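Have a look at the structure below before the remarks.
Number of protein chains: 2
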Amino acid sequence: MTIKDIARLSGYGVGTVSRVLNHHPDVSDAARERVMAVVRQYGFEPNSNARHLKSQTLSSVTVLVKGTQNMLFADLLERVQSLLLDSGEEVFVTYLDEDADEVTYAAQLCRLRRPKGLIFLGGDLELFRSKFAQITVPSVLLTNSAAQLGFGNLSSFTTDDSAAAACVVEYLVSRGHTRIGLIGGNLSGEQISSRRIRGASAAMESHGLAFSLKSGYEPCRFSLPDGYAAAQRLLRRQPDLTAIFCMGDVIAFGAMRAARDLGLRIPEDLSLIGYDGIVWTRYSAPRLTTVRQDTEALAARGVSTLLKTLHYDTAPVHEVIPFQLLEQESVLALNG
Amino acid sequence: MTIKDIARLSGYGVGTVSRVLNHHPDVSDAARERVMAVVRQYGFEPNSNARHLKSQTLSSVTVLVKGTQNMLFADLLERVQSLLLDSGEEVFVTYLDEDADEVTYAAQLCRLRRPKGLIFLGGDLELFRSKFAQITVPSVLLTNSAAQLGFGNLSSFTTDDSAAAACVVEYLVSRGHTRIGLIGGNLSGEQISSRRIRGASAAMESHGLAFSLKSGYEPCRFSLPDGYAAAQRLLRRQPDLTAIFCMGDVIAFGAMRAARDLGLRIPEDLSLIGYDGIVWTRYSAPRLTTVRQDTEALAARGVSTLLKTLHYDTAPVHEVIPFQLLEQESVLALNG
DNA sequence: CTGAAAGCGCTTACAG
DNA sequence: CTGAAAGCGCTTACAG
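This is how it looks when you write it as structure tokens:
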């Protein structure tokens, strides 16, 4: 069943059928109705390859997810996909390793697949700076800011990671904590987590707390086992810590288990604070105090901006989405 | 940059270039080397739409994930995608709602996108029985058995859900539990969970335990909030339960929180047992006793079977992958 | 082993 | 408003 069959069956030419299918205005109502009747009768679906070939028009929106274990991205992905589908866009999802080069991958994808737009869930700014120029389709980066990069086709929406991390430290200090450790993410490049780490360590220094990245920080990937291992290393090295700030909730839950296996109670013996605000933080025992990123707003703003830049030629948008310190049960007040 | 440019630049015709690109044997070494040199020099990538248009050859493998919150599928997806990529297959992922009609969706996808193969992560057998006939590409169903359906292009790999559920009940009974509740999944249709529920309730009956689906079972979706709500309903109705068997780990963690909010300690006041064996079960407090599905084997067997049926015309395969009862810390021995 | 040519199923100026 | 025709970038018999 091709457009030719529909033409024959409806008594019109293929041109007219094509125009009806593409909601072209210059078609008579009679033709539109007749053609659609036949299309519906046979359940005809135009061949996507052929359509994109000729029109050189671009196919679906592709979402690149950096890291498979990061529940924050799972949450964002669900929202993004559902918003996109609601707008009638086809969605293509690809998972990349947390340490993969998402920009090079995306560039190759563009050559092969000609997506009409790209949404990055997570991204290393250093890679964007050096390689994004080869990508020409409208793109949106979520959870990191590309404002400084100045690409005409790249918007971004992010939490103010540095402020949020500082806010966490303020909170811990206000609860009497002075020996605070840091776990998770990576300082290399400009990964999402690097601003958090820098923000937190700067805040500690501004409070005159003795903190060195070398002894008070352990990098790790965003997964339970990695959080577990990092917390063990840190707690062995610095057994007198009263609080650990983890750069992701998943990491924090790994750390929670590690602390318990070392005989520590949460929060009586060790306070723990996460980042992201995934659903699990509200179901754990204790419930995890964390920085809640507004995934609803991130997804909504990201998708609507992408759709806009897909249709009109608007300038890129860069926004900071407010976060919220979600005070729950995993931090003990030492002073009160 | 098209194949024509490569032809011009290499001094050969487009036919020869195409043959080189497709590893066709009837090409001279000289032509192959010359063409590939030009291809590499310009980083040429053939247009995927055009390629698939003419050859009517099929594009990528599509993975349909039923349910976004189900961590078991996240685990399977990661493995499946990585195995497929290792074999040089393009992978396309689509998420569907837990209650969506995956077969109708897949059929439409086949018409539009012409995937070369399909992998279903979860599926309702009733939908497969009534509608899968319209799908003609090689397919694999994971975590449910399609053996009884007899489709020539549908393989399946699953845990023996009914035996596993019976095993859970045996285990609880052997620990002295007699008042056991059931949470999660859906009895309607032939969802993945329906065998578990039937297997468990049959095992209880065979032990002469008073159990009625009506009062001892609460259906729910695979998510933390749904598990929470279902456990609350069940515990309010049946406050004297000593154990609850949850049809998924995510549900069990929701139930754990609900029990605690009702003032119950796990496992001292209430034993909890899950299903799936997701990573979180090994990091929670208490660690969750659960049925561990062998995701590594499910993914490996599923992918290798799909690849085989993609290339040769082999008969479908249906296998039961052994499960393991992972005894951890969430079940109390009442008789010990 | 290679080239010229037809054709995959659609879209889109171009006439009318 | 509509049709006939060219063409998107590739693959694949068909000759040679």
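Top to bottom, those sequences are chains A and B. Everything in the first sequence is counted per the working numbering, starting at 1046 for the first residue and increasing by one. Everything in the second sequence is counted per the working numbering, starting at 1046 for the first residue and increasing by one. Glycine residues also receive a C-beta, built at the ideal position from the N, C-alpha and C atoms. Every value quoted in this text rests on a predicted model; they were computed, and no experiment measured them.
| query | result |
| --- | --- |
| Does chain A have any CB closer than 8 Å to the CB of GLN1193 (chain B)? | no |
| What three-state label does DSSP hand ARG1096 (chain A) in the structure shown? | helix |
| Determine the DSSP secondary structure at PHE1202 (chain A), reduced to helix, strand or coil. | strand |
| Does the beta-carbon distance from VAL1136 (chain B) to VAL1110 (chain B) come in below 8 Å? | no |
| For the beta strand (DSSP E) that contains THR1223 (chain B), what are its first and last residues? | No beta strand (DSSP E) holds THR1223 (chain B); DSSP gives it neither H nor E. |
| When you compare the segment 1320 to 1329 of chain B with the segment 1262 to 1274 of chain A, are there three or more beta-carbon pairs, one atom per stretch, that lie closer than 8 Å? | yes |
| So LEU1187 (chain A) and LEU1141 (chain A) are supposed to be a Cβ contact under 8 Å. How far apart are they, rounded? | LEU1187 (chain A) to LEU1141 (chain A), Cβ: 14 Å. No contact. |
| Under 8 Å: do the segment 1143 to 1154 of chain B and the segment 1341 to 1354 of chain B share three or more Cβ pairs, one atom per stretch? | no |
| Throw me the rounded Cβ distance for the PHE1089 (chain B) and GLY1167 (chain B) pair, which I believe falls under 8 Å. | So it is not a contact: roughly 40 Å between Cβ atoms. |
| Excluding the five sequence neighbours on either side, which residues of its own chain have a C-beta within less than 6 Å of the C-beta of ALA1378 (chain B), listed in chain order? | ARG1220 |
| Consider the Cβ of VAL1148 (chain B): report whether some Cβ of chain A lies at a distance smaller than 8 Å. | no |
| Within 10 angstroms of the Cβ of GLY1354 (chain A), are there 16 or more other Cβ atoms? Answer buried if so, exposed if not. | This sequence places Thr at residue 1354 (chain A); Gly is not what is there. Burial call: buried. |
| Could you tell me which residues DSSP puts in a beta bridge with SER1184 (chain A)? | A:LEU1163 and A:LEU1199 |
| For VAL1106 (chain B), report the span of its beta strand (DSSP E) as first-last. | 1106 to 1111 |
| Helix, strand or coil: which one does DSSP assign to LEU1370 (chain A)? | strand |
| Can you tell me whether DSSP reads LEU1141 (chain B) as helix, strand or coil? | strand |
| What is the DSSP secondary structure of VAL1362 (chain A), counted as helix, strand or coil? | coil |
| Are the C-beta of ASN1115 (chain A) and some C-beta of chain B separated by less than 8 Å? | no |
| Determine the direct distance from the alpha carbon of GLU1263 (chain B) to that of ARG1224 (chain B), and round the result to whole angstroms. | 15 Å |
| Any beta carbon of chain B sitting closer than 8 Å to that of TYR1273 (chain A)? | yes |
| So, under 8 Å CB-CB, SER1260 (chain B) and GLN1283 (chain B) are touching, yes? Tell me the CB distance rounded to an integer number of Å. | 6 Å |
| Give the secondary structure of ALA1288 (chain B) by DSSP, where H, G and I count as helix, E and B as strand, and everything else as coil. | strand |
| Between THR1181 (chain A) and ASN1094 (chain B), what straight-line distance do the alpha-carbon atoms span, to the nearest angstrom? | 19 Å |
| Would you tell me roughly how many angstroms separate the C-alpha atoms of HIS1222 (chain A) and GLU1313 (chain A), rounded to the nearest one? | 13 Å |
| Give the residues of chain A in contact with LEU1098 (chain B), contact being defined as C-beta atoms less than 8 Å apart. | ASN1092, ASN1094, ALA1095 and LEU1098 |
| Taking the DSSP output, what are the residues bridged to TYR1262 (chain A)? | A:LEU1227 |
| Which residues in the same chain have their Cβ closer than 6 Å to the Cβ of GLY1293 (chain B), if we skip the five residues on either side of it in sequence? | GLY1229, PHE1267, TYR1320 and ASP1321 |
| What is the DSSP secondary structure of GLY1319 (chain A), reduced to helix, strand or coil? | strand |
| So, is the C-beta of GLU1263 (chain B) closer than 8 Å to a C-beta in chain A? | no |
| I think PRO1361 (chain B) touches PHE1196 (chain B), with their Cβ atoms under 8 Å apart; what is that distance to the nearest whole Å? | 7 Å |
| With 16 as the cutoff for other CB atoms within 10 Å, does THR1061 (chain A) come out buried or exposed? | buried |
| Is ARG1337 (chain B) helix, strand or coil when you go by DSSP? | strand |
| So, does the CB of GLU1374 (chain B) fall closer than 8 Å to a CB anywhere in chain A? | no |
| I'd like to know if VAL1324 (chain B) contacts chain A, where contact means its C-beta is closer than 8 Å to some C-beta of that chain. | yes |
| So which residues on chain A does LEU1269 (chain B) lean against when the C-beta distance must stay under 9 Å? | VAL1324, TRP1325, ARG1327 and TYR1328 |
| Is the segment 1326 to 1337 of chain A touching the segment 1297 to 1304 of chain B, taking contact as three or more C-beta pairs under 8 Å? | yes |
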